Structures are given as structure tokens and as C-alpha cells.
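Okay, so here's the structure we're looking at.
Number of protein chains: 2
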Amino acid sequence: MTGAKALLEALREQGVELCFANPGTTELDLVRALEEVPGMRCVIGLQENVCTGAADGYGRLAGKPAATLLHLGPGFANGIANLHNARRARTPIVNVIGDHASWHLDCDAPLTSDIESLARPVSGWVRRIASAQDAARDAGEAVAASLARGGQGATLIFPADFQAENLDGQAAPAPAAAVADRADDDFDAAAVWRRLSAARRPLFLLGGGGPDSGLGRRAQIAAARLCAALGGSAYAETFPARSERGRGLPDFDRLPYFPEPARAALDAADLVVLAGALPPVTYFGYPGHPSRLVPAERLLTLAAPGGDAASRLEALAELAGAPAFEPADALLPQPAAGALTPQSIAAVVARALPEQAIVSVEGGTCGYPLYAASAGAAPHTVLTNTGGAIGQGLPVAMGAAIACPDRRVVALLSDGSTQYTIQALWSLARENLPVTVLIAANHQYAILRNELRRGGAALGERAAAMTALDAPRIDWVGLAASYGVPASRAATSEALAEQLEQALRRPGPALIEMAL
Amino acid sequence: MTGAKALLEALREQGVELCFANPGTTELDLVRALEEVPGMRCVIGLQENVCTGAADGYGRLAGKPAATLLHLGPGFANGIANLHNARRARTPIVNVIGDHASWHLDCDAPLTSDIESLARPVSGWVRRIASAQDAARDAGEAVAASLARGGQGATLIFPADFQAENLDGQAAPAPAAAVADRADDDFDAAAVWRRLSAARRPLFLLGGGGPDSGLGRRAQIAAARLCAALGGSAYAETFPARSERGRGLPDFDRLPYFPEPARAALDAADLVVLAGALPPVTYFGYPGHPSRLVPAERLLTLAAPGGDAASRLEALAELAGAPAFEPADALLPQPAAGALTPQSIAAVVARALPEQAIVSVEGGTCGYPLYAASAGAAPHTVLTNTGGAIGQGLPVAMGAAIACPDRRVVALLSDGSTQYTIQALWSLARENLPVTVLIAANHQYAILRNELRRGGAALGERAAAMTALDAPRIDWVGLAASYGVPASRAATSEALAEQLEQALRRPGPALIEMAL
Chain U
5 MTGAKALLEA LREQGVELCF ANPGTTELDL VRALEEVPGM RCVIGLQENV CTGAADGYGR
65 LAGKPAATLL HLGPGFANGI ANLHNARRAR TPIVNVIGDH ASWHLDCDAP LTSDIESLAR
125 PVSGWVRRIA SAQDAARDAG EAVAASLARG GQGATLIFPA DFQAENLDGQ AAPAPAAAVA
185 DRADDDFDAA AVWRRLSAAR RPLFLLGGGG PDSGLGRRAQ IAAARLCAAL GGSAYAETFP
245 ARSERGRGLP DFDRLPYFPE PARAALDAAD LVVLAGALPP VTYFGYPGHP SRLVPAERLL
305 TLAAPGGDAA SRLEALAELA GAPAFEPADA LLPQPAAGAL TPQSIAAVVA RALPEQAIVS
365 VEGGTCGYPL YAASAGAAPH TVLTNTGGAI GQGLPVAMGA AIACPDRRVV ALLSDGSTQY
425 TIQALWSLAR ENLPVTVLIA ANHQYAILRN ELRRGGAALG ERAAAMTALD APRIDWVGLA
485 ASYGVPASRA ATSEALAEQL EQALRRPGPA LIEMAL
Chain W
5 MTGAKALLEA LREQGVELCF ANPGTTELDL VRALEEVPGM RCVIGLQENV CTGAADGYGR
65 LAGKPAATLL HLGPGFANGI ANLHNARRAR TPIVNVIGDH ASWHLDCDAP LTSDIESLAR
125 PVSGWVRRIA SAQDAARDAG EAVAASLARG GQGATLIFPA DFQAENLDGQ AAPAPAAAVA
185 DRADDDFDAA AVWRRLSAAR RPLFLLGGGG PDSGLGRRAQ IAAARLCAAL GGSAYAETFP
245 ARSERGRGLP DFDRLPYFPE PARAALDAAD LVVLAGALPP VTYFGYPGHP SRLVPAERLL
305 TLAAPGGDAA SRLEALAELA GAPAFEPADA LLPQPAAGAL TPQSIAAVVA RALPEQAIVS
365 VEGGTCGYPL YAASAGAAPH TVLTNTGGAI GQGLPVAMGA AIACPDRRVV ALLSDGSTQY
425 TIQALWSLAR ENLPVTVLIA ANHQYAILRN ELRRGGAALG ERAAAMTALD APRIDWVGLA
485 ASYGVPASRA ATSEALAEQL EQALRRPGPA LIEMAL
């Protein structure tokens, strides 16, 4: 057995079944070893940020890591942006980076670089495998590390000579099977209850994640009961990794993105209870606004991100003697007829979502409008861009579709951000994934124009040119077709509704360019 | 004047005229300041690796830095791969990264990351601007740093608050105008000549770069004279940043990529003279082959990369009493009729190249065949992938076209690598650049299959699947058209010759998919 096969088998034994791969010459012994490790499915991305974003989407839904297989420092670097998002989503991922043979490193060949320096900013754990004998043990520890602290990136650097080396049974033992670490601190229900019950206007800030997170079904329902009992309010964090939404759940608003409305919401509360959310901060630094939106004395941490917010909220609801949750009547807005607007798009999509759909949302144009329209939609799971590195929405949708083969995935995306990882379309076609891609094509970086215009400023001529994507306009229908994804264009809400219905009936992917 | 304007004006004063930009919210004061700094041309890329690769191509031709404008750590990370290549090419580049306001950093907002850790592996110089008053001085020092050590990346991290701050004339003074640093050590012509003249079979290894490099016209001619006088041989380094080629120049071979033929070439020499090239090493570590292909005692460094190899070779040629250079008859191979092969593509391209064309070559399929066919072509300049991070060829072509608006650019690329930065097509269309893109579409990662088959090994089933790009086949003609680049497909050498002639007459870009 080679070191490469030992590593792959150890990953399999620890439950890793998926590898999003873009290998090169220094990973070829891992590619060779895959012939003998059939339980490891490999999905190819044409660019590494597709692979890492897909691993993020997979991990958010599967609750366990996928592996990525990346080529030295430059290949890893191409995937850093989506690993940054995954870090903010606390997604478990095991990155395997092939490196030069250990004896070749010091001659500084063209592809040599400081991989560790590149890896650390997006990895909670980095290890360079020091011998073929260590490969299985290190792989096991990487899986365990990826599940620690509520989920994080674990990066293994695997020199090519140790991949190729024949072990002859001398391997270091693999560790015991890894289990997810809740990242929870202690919980003194009575003490929390004393503080909560003394608040006049408590606000629950619900953080996203797995089923036990603040934005799973259980936590949302418990928060609604607490609000009813205590006269408080609840908000979803602005960009949750994963959240449940739709009929049968309370309709909490999302904490606004810009500081003025966010402060208006938070300042109304005398206690902000963090249920799986971090203390709220402004997205960027805005002069005249504090970065930390709530002073420490008004914050109460009920559960850390990655912790069991659901059980704690339920325990508090019991202490409060809160009534059972009664879902309100589901409201589904009617799309305005004719030319598309973000609001009519949101209404069409909310009406069309199948039960248990997964919705990957990226971009400012339709993200909040869909949130506002989807309380009455069929129950669905929402994935958002957690770290602000754009180019996440399409790969995350791809990974989610692989994690949940019996669920439909809808990717509601902006045109500017989707370009960053456009090559993901090819992987959708190759794997025939049931992902329906909706592109809000306004042919501009609208979010930047919104920021430039803040405070009533006029948009300068060059600033307008630098935020325009309309010369030439990208032909999204032709682009998708060139990657093997059937596509159409809709300019009205009627056309969108019809095309979306058709696309959702297809077994594989489809793309709709929504002309705005 | 704001800190942002002070920085841009200082860059302009130091000769920086081009900015390849992909800005976000933390760069908006720089975008605003551009309204008042008209001498700074901004070119937008839809993904940052397009921007950094274009800055590489620009710097290789212009001999001075372009700036890049990138968005925090994740935006910078997207551009690292081509900065890695630029580092190997010794290209001067000034990266400007907007960061959060200085007072916002410690709240760890979503886009916060360790930018310095990401920047150092691809930057010879990194500085975080500490106040608005320092912006002009730091910009000047960044330009100087980019020109030091033969050319390198210089990275400035510019917090958003210092960009916005009004200076009111309190700025630190900008440094004197930067000048390129030759990176040359001392040269004792007599001592070098003693050692060279004692060699029986000297070999000159010529390194690429600017006009004075080992692969400029002067150095190649001097090397040919020395070979004639001394009975030696000369090779171009395998992947030069920039080299001159074609009629009127000697036809030196390129040092082979794989270790067996490279060793055969180098082992025949009793002295290897490095004229602007690094000591040759194998590209990867190959068992049974040394990493360093020439022992130190057989190496003689005439000029370091970035140094003045031309003058030193000319001095030696005089000491040798070498005869004048007589160019051999220009040979231009005839393309075989019918279905395209790498050889017939190379012959068609070599015949069609206009005088003073710039050729950006990436990918194993046609790279060496063109080299072998182009000694008799019209004089042209070749740019290759210096660092092995694929996705360089198209952005480098884009940057070269901007640096040299009166020259035609031909990008001869492989399909696998071109996908990495496919978004560059849009920038070619937007800027209407005279770049003719030739895609060798074999729908596979052929280089990996060649490596997998080394030593006669069979290609495993999964290895074949993981190196296949044919399900679905990318429609390159449709893809280019969707980005606004006119395109056609050629399956025979006759069709390619006709389409290439037409494409080279167009004022703007065109793409030809070459079916293999």
C-alpha cells in the first residue's frame, strides 16, 4: 500500500466520501490510488474555487467534511476565497494539497511556494505530512480537526514522495473515529433565565448552521414561543451558513445589512440574546457608526456558533412557561405582471420552490427580496454567502446538490458574483445535478453603486464605468449552453414563472437569465 | 486631497499609468479619487486572477509596473496564482489592497483575514499603510520596491479610513523617482573568460526578460558568436518570461521539460554558463533524477536573472575574437494538410505571425511545437508560463496588448488551462484589444496523462475520467461569443490558416477553437 492509498483509506474510514478535485502532477499518486478506493467519489472542478466552494456547500448540508484535492500553493491559492467563506460558515473541510517531493523542495522549482503561509488564514489546522507512515494517522487527525471548534478547515500538505512510497504495513495507527465537537461552553439555565426574564425588550439573534443551530426548525420555534411569552423580538443573522425557512416556521426578519437599520433594530432591545450568532458587527467600517453594534453589557451569549442553540432556547421556553407555537397563515406575495423586478423575481421563486428545496443565495439584488417573500413558501433550506468573498453561490449549490441527491437546489445569484466561479456550470452538467440557476442580470456591480451613493453622493463618470458590466453584455444563455447547461432568458414575471416550472422538472441543471 | 488621491498621484508621478482593477467596498475612495487622476487608466477584470495576470503581461513588456486594485484578503487571494507566475517572471507589479478601516479590523467582520500572510509568498515587499499622510511616500516606495531585485511584487495594504481621510497638505514627502535595479553582481570579464576559454564543450543557458536579458536579440546573437568561436552550444531556458524569436536570430533549442532529455543536453557540456538563467532544476522531483541538473562545479554564473546578460556575452564574444553573426536561412515548415495536429497548428501559426507579434503561450500541447516551428517566422516576442500556475496565458496576452498597442498579440493556449481565467475574454472585448486567441481543444488534461503514463504505465479508469474534459465538451465558439468575442472553429490546417488570417486583420479580439 502506498502512502497515498493509506491516506485515502483513512479518510474513508473517518466517513469522508467526497473529494472535490483539481489535481496536478504532484497529486498523481493520489489519483492512481483512487483506482483502489472505490468508496471515494471524485468530482472535478475546472478551477479550484469551484472545488472549495462545493466542499463548503457539501459540508453545510452533510454535517461532515468533504475532501478537496489541490495542486501545490498556486492551486490551493485559487481556492482560498471560498475557503474563507467556509471558515465563516464553520464548515468542516479537509484540504489535501500535493506538494513537491520532500527532497525536491529546497531547489525552489517553479511551482514551489510557501504553502503554509497561504493555508493558515483559512485553516484552523495545518499539517505537513512528514512520512508515508504518518499519512493515515494525519488524515484521521485532519478529519477530527475539521469537526472541532464547531467546524473548520483542516489542511494537509502531502509531499509527492510520501504519496508514492510503499508502506509494507509500517503505518502509524489511525486515530479513533472523529466526532463533531459542539463547541459549546457551559450552560447555566437558571442564571440565563434570571437575566432574560429581567429584560423588558429582549431580542434573540439567531445564528445559522445545522439542525440544532439558532436557525434550525427547533430553535426558531422555541424563539417564537419565547417572544410570545416575553414580548421580545427575534432576527436571523444577516448571512447564515444554513437556515430553515418557509411555511410552518415563524417569520423573523433578517438583521439588516446597512448600519442605520441594523442599529434601529438592535437599539430597541435592552438585551440581545445570541443564539448561535456572533455579537453583531457592521459589515464594513462606516464612519459615525460603531463597529460593534451592541455594547457588551447588553449582550447575553446563550449558545456559541456551532453550539446547541435549539436545546437551550427550548429549555428557556419551558422556564418561561411559553405557549405552544402556532404558525401564522402562510403569506405568498403575488408577482407583479410584466417586466421583472427584484420583488417580482422573489415572488415567482417563492411560489415555485418545491418542498425541501435548498436555495443558495448570492448577491444583493434578489437576496433580501427573496427573504422577504419566502415566509409562506414551501419549507426550504437557505445557504448564504457567509464571508463576503463573491463567487460562492454556484459552487455551494453544486456541493449541496451532491450532499442531498433527493432535494432540488435553486441558486439565486447576481451576475457580477457568478462570474467569479462560472466554470462550476461545467461540473453541474458533468454530474447532471438538479440545480436550477437563476441569474439576476442587471449588468452592473449594483452593490458598489449603492455604497458609492450612500449619503446622497452622485456617481462619478469613472466610478460608473468601473461598476458597469454592460459593454459588452454577457450572454448568459449562450454561456450556459457552451458549458452544457440548457438555458433560457426571461424578461417578465410570467415568462420566468413558466421557465422556472419547466426547469424544476428537468432531471439535471438549467439556467435562466433574468433580464433586469 | 484624500489619502486615496495622494496614493494615486504618487503612483502616477512614479510612472504607473495602468491599474488592473476589481474593486469592492473597501476600495471605493480610490475609485472616487480616480475621477481626479485622469492619467491612470483602469481596466476591469471580472475575476482578480485576470487582473494580476494582465499586470504580469503588461510589466513584462512595459518594463515598469502596473498597479492592481484588489478587495481585501479574499480578492487578493483570487489573484495569487498569477502573482506567483509574475514572481517567477520577475515582473514589477504594485498591488494595492483595500482593507477595512483601521478601527474596524479588530471586530473580525466577515471579510477580515490575515492579508499579510496571504501576500508574503508572492510579494518581495509588503507594507500596511499606517496613516493617510504616509500614502504618497509608501506608494513611491512600493514602485521602487517593485523594480528592485530584477523586478518583484510590491504589495500595499491600504485601510479604508486612510483612503478617505482629508490630508490638507500634511503628507509625508514622496521619494525620488524609482529606477529599475539591474540586480547585477560584479563582473570580472577576464576571470570569466579564463574559465570559459578553458572549457571544451561550454553550454550557454539563456534566461528571458527584457531587451538586455539572455533571450533578447543582443544576447542571442552574442551567444551564437561565442558558440561559433568556442564550439559550444546554447539553449533557451524552458519557460522564459520574455524572449525574442524568429528570422534573423539564431535557432537555439529550448532546454527540454522532462529530466531525461534535459540531462542529455546538459551532461554533454563541461561548463554551463548561466546568462540570465537560474541554475537548471527539474520541474518536479523525479525519482532517479537529481533536482539540480548541473553540479555547482560545472556552473558559471555570467549574469543573474534581471541582469545585463547581453553586454556580458558581447564582452566575452569580443575577448573570444568571435566572428560576426550570420543568420542562417529561415526555415518555415509547411503544415500537413487536413486534420489538425500540434505540428500543423504550429506550422500554420509560425507562417501567419505578423512582424513584431507578441505570442503568449500556455499549455503543453502546442507550446513546444510552436517553438520548434518558429525560427523562420517573422521576428516576434514570446511570453510563457513562468511559474506553472495555469490560467496565465489569456490574462498575460491581455496585459501585453495594453502595454504595446501597436503590436498584434496571439495567445496560443490549451483548453484546460484557459478555463482558469476564462473571464479575461470579456475584458478583451470591453477594451477591444487586438488579441487573437487560439485554443487547442483536445478536451483533456493531456499533461497529466503524459505524466501518468511515464515509464509505460497504463492509464487507470478513474485517472482517465479525472483527466477528461469531454463530458460535456465545452463549446469554445459559443463561450467566446457569449463574452462578446467573435469566434470560429477550425478542424483542418487549411481552415485554421484562413480563419487565422481573417482574425489577424480584425481590429479587436477573436478566438479560434482548434479541434484536435
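In the order they appear, the protein sequences are chains U and W. Going by my numbering, the residue at position 24 of the first sequence is 28; the numbering climbs one at a time, nothing skipped. Going by my numbering, the residue at position 417 of the second sequence is 421; the numbering climbs one at a time, nothing skipped. Note that beta-carbon positions come from the ideal geometry of N, C-alpha and C, so glycine has one too. These figures come from a predicted structure and were not determined experimentally.
Interface residues of the region 228–256 of chain U facing chain W [CB-CB below 8 Å]: 243
Whole-angstrom distance between residue 440/W and residue 344/W, CA atom to CA atom: 18 Å
Alpha-carbon to alpha-carbon, residue 363/W and residue 491/W: 19 Å
CB contact below 8 Å: residue 433/W versus chain U: yes
Segment contact flag, the region 146–160 of chain W with the region 125–136 of chain W, C-beta cutoff 8 Å, min 3 pairs: yes
Beta carbon of residue 78/W nearer than 8 Å to that of residue 393/U: yes
Interface flag, residue 20/U vs chain W, CB-CB below 8 Å: no
Close Cβ partners of residue 307/U (< 6 Å) along its chain, the five nearest in sequence each way excluded: 279, 280, 313 and 316
Counted within 10 angstroms of its Cβ, other Cβ atoms place residue 142/W as buried (16 or more) or exposed: buried
Rounded straight-line distance, which links the Cα of residue 295/W to that of residue 456/U: 53 Å
Contact with chain U by residue 108/W, beta-carbon distance below 8 Å: yes
Spatial distance of residue 97/U from residue 37/U (CA atoms): 21 Å
Complete beta strand (DSSP E) runs within the region 32–95 of chain U (minimum length 3 residues, chain order): 45–48 and 70–75
Per-residue burial, residue 503/W [other beta carbons within 10 Å of its own, 16 or more giving buried]: buried
Chain-ordered chain W contacts of residue 111/U [CB-CB under 7 Å]: 285, 295 and 296
Stretch-stretch touch, CB-based, cutoff 8 Å, three pairs: the region 363–373 of chain U with the region 24–43 of chain U: no
Check whether residue 411/U and residue 508/U have beta carbons under 8 Å apart: no
Enclosing alpha helix (DSSP H) for residue 221/U [first to last residue]: 221–234
beta-carbon residue 469/W near the ligand FMN non-hydrogen atom, thresh 7 Å: No copy of the ligand FMN occurs in the structure displayed, which carries no ligand at all.
Neighbouring residues, chain W, relative to residue 455/U (Cβ below 8 Å): 29 and 32
Rounded straight-line distance, which links the Cα of residue 476/U to that of residue 372/U: 28 Å
Contact with chain U by residue 259/W, beta-carbon distance below 8 Å: no
Euclidean distance between Cα positions of residue 516/W and residue 426/U: 21 Å
Straight-line Cα distance separating residue 391/W from residue 213/W: 14 Å
Where residue 147/W sits in the DSSP three-state scheme: helix
Neighbour list for residue 348/U in chain W, Cβ cutoff strictly below 7 Å: Residues of chain W passing the Cβ test: none, with the nearest at roughly 26 Å.
Nearest candidate by alpha-carbon position, reference residue 275/U, set 235/U, 254/U and 251/U: 235/U
Cβ shell of residue 407/W (< 6 Å), same chain only, five flanking positions each side left out: 62, 65 and 66
Terminal residues of the alpha helix (DSSP H) in which residue 348/U lies: 346–356
Where residue 170/W falls, given that 16 or more other Cβ within 10 Å makes a residue buried: exposed
Chain U contact for residue 470/W (CB, 8 Å cutoff): yes
N-terminal and C-terminal residue of the alpha helix (DSSP H) that residue 434/W is part of: 428–435
is_contact[residue 48/W, chain U] using C-beta, thresh 8 Å: yes
Cβ pair residue 104/U, residue 168/U closer than 8 Å: no
Contacts of residue 430/U in chain W (Cβ-Cβ under 9 Å): 423, 473, 476 and 478
Cutoff 6 Å; reference residue 404/W; Cβ partners in own chain excluding five residues on either side: 61, 65, 362 and 413
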